[in-house]
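Contents: one structure, followed by commentary.
Chains as they are written, first to last, in the working numbering: chain A, 219 to 352; chain B, 319 to 984.
Written out as C-alpha cells, the structure reads:
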C-alpha cells in the first residue's frame with residue numbers, strides 16, 4: 219500500500235461480517251466505510267467517493283443489485299465486488315456486462331479474505347471506460 | 319329198409335303202398351307190421367282222419383305233440399288242434415289243394431290239447447284215395463316239429479337285425495378272406511356294396527397296407543385284433559377307425575370266418591384333438607406368464623408347474639408334479655400354512671416383499687395365493703413374482719426424494735448459514751492478523767499502549783495454541799460451508815451446460831486425475847492399482863455435464879481406492895488392488911461399471927451408501943455426501959441410473975447408466 223490510502227465501502231447488513239471485513243481492510247491499510255443498508259450506502263456516496271465497494275446482495279429494502287444500479291449514476295468511477303451468502307446467486311444480465319462490476323462473485327464464507335482484497339485491487343487498477351474514452 | 323329216417327317222398331310211397339294194401343291188394347302180414355312199426359316210431363307226426371276230420375290214427379310222436387292219449391284219438395276232430403287264426407288258411411288253401419288231388423305242403427301250427435301250447439310244424443297233407451274209384455277215403459298228414467328251428471331262425475333274424483342296424487360297420491368274410499356279408503353301417507361307411515368289397519383286395523380298405531396285413535395275420539395266429547388304424551372309403555376319404563377283428567369258430571373250434579367291427583372315431587379324434595389343443599393353449603398361456611404359477615391340491619401336492627417355476631427353481635414340471643410344495647419349492651415351505659388358510663377361507667392371500675438370499679444378494683418376491691373355488695375344484699394356485707428390481711427402483715425413488723428434500727432445505731438455509739459462518743471465519747482471520755502480525759503498525763501501537771509488545775503477545779499466542787485454535791475455527795467453518803454447498807447440489811437445476819461426451823475419454827481422463835491427485839493426500843499410490851479396461855467399441859455419445867460426471871467417477875474411484883488401501887493387510891484383501899472399468903451400451907443407455915476388488919460391503923451398508931450423511935469413514939474424513947451427491951447428479955440431473963452391487967469381502971461394483979445422445983435431454 220504505497221501512496222494514498224484507498225477508500226473501500228463495505229455494504230452488508232450482517233454486523234459480524236461487515237465489521238470484521240472493515241477491520242480486515244483497515245489492518246491491510248485501507249480506509250473502510252461501512253453501510254448496513256443500501257439506503258445508508260447511497261447516502262454515503264452523496265458525500266464521499268470510495269474507490270471500491272464490497273456489496274452484499276440480500277439486504278433489506280434496497281438490495282445489492284439495486285444499490286449498484288443507483289450508485290452507478292452517482293459515482294460512475296466506483297468499482298464493485300459482490301460478496302454474498304447465496305451460493306446460487308448469479309449476476310443479473312445488466313450488471314455482468316458493466317465493466318466496473320467484477321464478474322467474479324465471492325460466496326461467503328471465504329477461507330481467506332486476501333482473495334477478496336486481490337480482486338478489489340485488480341478492479342481498481344483496471345481503467346474505467348469513461349477515462350479511456352476521454 | 320334201412321335205419322335212416324324216411325324222407326317225405328319215401329314215406330309217401332310207402333303210404334301209397336299201404337293204401338293199396340288196405341284196398342285189398344294183399345301184402346304179407348309181415349310187411350304190413352313193418353310199415354306199422356315205422357309209422358308208430360317215426361319222430362314225425364303221422365295221422366289219418368276221415369274226410370270229415372275224425373281222427374282214426376295218430377302215431378306216438380303225434381300223441382306227444384298234440385297232447386292226445388291213444389285212447390282219445392278217435393274222439394278228436396283234426397280241426398280241434400288247428401288254432402283259430404289258421405282255420406281260414408285250411409279252408410281257402412289246404413282243402414282246395416287236396417280236392418284237386420294234390421299234396422299240400424306248408425308251415426302250420428298245432429295246439430297241444432293238454433297244455434294249449436302252439437307247436438310250429440312243417441306239414442304235408444294229402445288224401446288217400448280208393449284205388450278203384452279214385453275217390454278220397456282218408457286225409458293223411460305227416461308233420462315235423464319245427465319249433466326249435468323256427469326259434470333259431472327268429473333268433474338269427476334278431477341278431478341279423480341287430481347287426482344290420484348297429485352303428486359300427488361290421489363285415490364278415492370266409493377264412494380265405496372272401497367277404498360275403500356287411501351291415502348297413504359298413505355300406506354307409508365305406509361306400510362299397512358286398513360284391514364290390516368281395517372283389518377288392520382287402521388291403522385297399524386300409525390306409526396303411528401293413529395294418530390290413532396285421533389284422534389277418536393276428537387273427538390267423540389265433541388272436542383277436544384290437545387297434546386304431548386309418549381306413550379308406552370308396553370316395554378316397556380317409557378316417558380313423560377303431561377296429562376289432564376276430565375269428566368265427568364252429569363248435570369244434572375250427573375257424574369258419576372272420577368278423578371285423580369298425581367304429582368311426584373321427585369325432586372322438588377331433589374331440590381329442592380339440593382337447594389337446596385347448597390343453598396346449600392353456601399350458602402356453604400359463605407358461606408364457608412372467609410369474610411363477612404353481613397349482614397345489616388340498617394336500618399341498620403340486621398339480622401344475624409352469625415354465626417360470628421351472629426357470630426359478632431349476633426343477634422340471636415332470637419332477638415337481640406330485641411332489642409336495644415343500645419338496646419342490648423349499649423356499650415356499652413356510653407358505654403352506656397360508657395356502658391352507660386361503661383354501662379354508664376361500665380368500666386370496668398375499669405375502670408381499672418376501673426376501674431371500676441368493677448367492678449373497680437379497681431378492682424380493684411377492685407371493686399371492688388364489689384358492690380354486692369354482693366347480694368345486696379344491697386346491698390353490700400360488701403366484702410368485704420377482705420384484706427385486708421394483709424394490710430396488712422404489713428404494714432409489716425414496717433415495718431421490720430424500721435428497722430432493724435435503725436440497726430444498728439446503729437452498730433455503732444456505733444464506734442463513736453462510737452469513738454467520740462468514741462472520742465467524744472473518745473475525746477469526748482478523749483476530750489472527752491482529753494477534754500475530756508483528757509488522758502491522760496498529761498491532762505494535764496497541765501492544766505498547768497496553769504495556770507489552772506484539773512479540774510477547776505473539777509468543778503467548780503460540781504458547782497457548784491460540785493460533786492453532788483460530789486455524790480450527792477456519793477449518794470447521796470451511797467444512798460447514800462445504801456441507802452446505804454439497805447439500806445445495808441436491809436441488810434441481812436446469813441451467814447446467816450439457817454437451818455430448820465420449821465416455822471412454824471421460825473415464826480415462828478421470829483415472830488420470832485420480833492418479834495425480836490422490837497420492838498427495840494419502841501415502842497410497844493410486845498408480846499401484848491395476849486398471850483393466852473393458853470398453854465396448856463404437857459407443858454412442860452421452861449428453862451430459864462432463865464436469866459433474868467426472869466428479870461422480872472421481873468420487874467412486876477415490877472411495878474404491880481408499881477401501882482397497884484400508885483393506886491391505888486384512889485377510890480378505892487382494893494383494894493386487896484392481897479396478898475393472900467397463901463401458902457398454904444398454905438399450906438407450908451407456909452403462910459404466912467401476913468394479914474394485916476391495917473389501918466390499920454388507921447388505922445393510924449397500925442399501926445406505928447413497929443416503930445423505932451416511933458414511934463409514936471417520937468423522938473428520940468424510941461428510942457422507944460424496945456418493946449421495948453422485949447419485950443425485952446421475953439420477954436427477956442426467957436422467958440416468960446409479961446402483962451398486964457388492965458382496966462383503968468380494969469388492970464392489972458401481973453401475974452408472976446414462977442416456978445416449980439421441981435420447982431426451984435431462
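Cβ coordinates follow ideal geometry from the N, Cα and C atoms, glycine included.
Fair warning: this is a prediction, and the values are worked out from it, not measured in the lab.
Query: Tell me residue 576(B)'s beta-bridge partners as DSSP assigns them.; Result: 491(B), 565(B)
Query: Hey, out of 246(A), 227(A), 248(A), 235(A), whose CA is closest to residue 258(A)'s CA?; Result: 227(A)
Query: If the criterion is Cβ atoms closer than 7 angstroms, does the pair residue 252(A) and residue 240(A) meet it?; Result: yes
Query: Taking the alpha-carbon positions, what's the residue 675(B) to residue 713(B) distance?; Result: 18 angstroms
Query: Kindly provide the ranges of any alpha helix (DSSP H) runs that are 4 or more residues long and lie completely inside the segment 451-525 of chain B, ordered along the chain.; Result: 465-483, 502-508, 512-517
Query: Distance check for residue 432(B) and residue 410(B), CA to CA, integer angstroms please.; Result: 28 angstroms
Query: Just reading off the beta strand (DSSP E) that residue 688(B) is part of, what are its end residues?; Result: 679-689
Query: If I'm right that residue 223(A) touches residue 256(A) with Cβ under 8 angstroms, what's the distance once you round it to whole angstroms?; Result: In fact, because the Cβ distance is near 25 angstroms, the residues do not count as touching under 8 angstroms.
Query: Which residues of chain E have a Cβ atom closer than 7 angstroms to the Cβ of residue 741(B), listed in chain order?; Result: Absence of chain E from the displayed structure is noted, the protein chains being A and B.
Query: May I ask which residues mark the beginning and end of the beta strand (DSSP E) holding residue 961(B)?; Result: 959-964
Query: Would you list the one or two residues that DSSP bridges to residue 674(B)?; Result: 681(B)
Query: For residue 384(B) versus residue 326(B), is the C-beta spacing smaller than 7 angstroms?; Result: no
Query: Which full runs of the alpha helix (DSSP H) of 4+ residues lie inside the segment 367-449 of chain B, going along the chain?; Result: 378-384, 402-407, 413-417
Query: Going along chain A, which residues have a C-beta under 7 angstroms from residue 733(B)?; Result: 276, 303, 304
Query: Using the beta-carbon of each residue, which ones in chain B are nearer than 8 angstroms to residue 250(A)?; Result: Within 8 angstroms Cβ-Cβ: nothing; residue 250(A) doesn't reach chain B, min ~12 angstroms.
Query: Going by other Cβ atoms of all chains shown within 10 Å of its Cβ, with 16 needed for buried, is residue 528(B) buried or exposed?; Result: exposed
Query: Classify residue 538(B): buried if its beta carbon has 16 or more other beta carbons within 10 angstroms, exposed otherwise.; Result: exposed
Query: Only counting the same chain, and skipping five residues up and downstream in sequence, which positions put a Cβ closer than 7 angstroms to that of residue 773(B)?; Result: 756
Query: For chain B, find out if any of its Cβ atoms is closer than 7 angstroms to the Cβ of residue 222(A); answer yes or no.; Result: no
Query: So with Cβ pairs under 7 angstroms, would you call residue 241(A) a contact of chain B?; Result: yes
Query: Looking at chain B, which residues of the segment 316-347 of chain A have a Cβ within less than 8 angstroms of any of its Cβ atoms?; Result: 325, 326, 327, 328, 329, 330, 331
Query: For residue 768(B), name the three-state secondary structure that DSSP assigns.; Result: coil
Query: Closer than 9 angstroms by beta-carbon distance: list the chain A residues that pair up with residue 803(B), in chain order.; Result: 305, 325
Query: Look up residue 306(B) in the DSSP assignment and give the residues it is bridged to.; Result: Any answer about residue 306(B) is impossible in this case: the structure gives chain B only from 319 up to 984.
Query: What in chain A is Cβ-close to residue 744(B), meaning under 8 angstroms?; Result: 234, 235, 238, 239, 242, 327, 328, 331
Query: Buried or exposed: where does residue 467(B) fall if 16 or more other Cβ atoms within 10 Å of its Cβ makes it buried?; Result: exposed
Query: Residue 758(B) versus chain A: which residues are under 8 angstroms apart at the beta carbon?; Result: 245
Query: What is the rounded straight-line gap between the Cα of residue 378(B) and the Cα of residue 573(B)?; Result: 41 angstroms
Query: In whole angstroms, what is the alpha-carbon distance linking residue 832(B) and residue 677(B)?; Result: 33 angstroms
Query: Return the Cβ separation of residue 456(B) and residue 367(B) in integer angstroms, given the expectation that the two are a contact with Cβ distance under 8 angstroms.; Result: 7 angstroms
Query: For residue 788(B), collect the residues of the same chain with a Cβ closer than 7 angstroms to its Cβ; drop the 5 residues on either side in sequence, then sort them by chain order.; Result: 746, 749, 750
Query: Residues of chain A with a CB under 7 angstroms from the CB of residue 698(B): which are they?; Result: By Cβ distance, chain A contributes nothing, its closest Cβ being about 59 angstroms from residue 698(B), past 7 angstroms.
Query: Can you check which of these residues, 274(A), 335(A), 339(A), 316(A), is closest to residue 233(A) by C-alpha distance?; Result: 274(A)
Query: In chain order, what residues of the same chain lie with their CB nearer than 7 angstroms to the CB of residue 854(B), ignoring the 5 residues before and after it?; Result: 901, 902, 903
Query: Beta-carbon within less than 8 angstroms of residue 321(A)'s beta-carbon, same chain only, minus the 5 sequence neighbours each way: which residues are those?; Result: 309, 314
Query: Check whether chain A comes within 7 angstroms of residue 799(B), counting only Cβ atoms and requiring the distance to be less than that.; Result: yes
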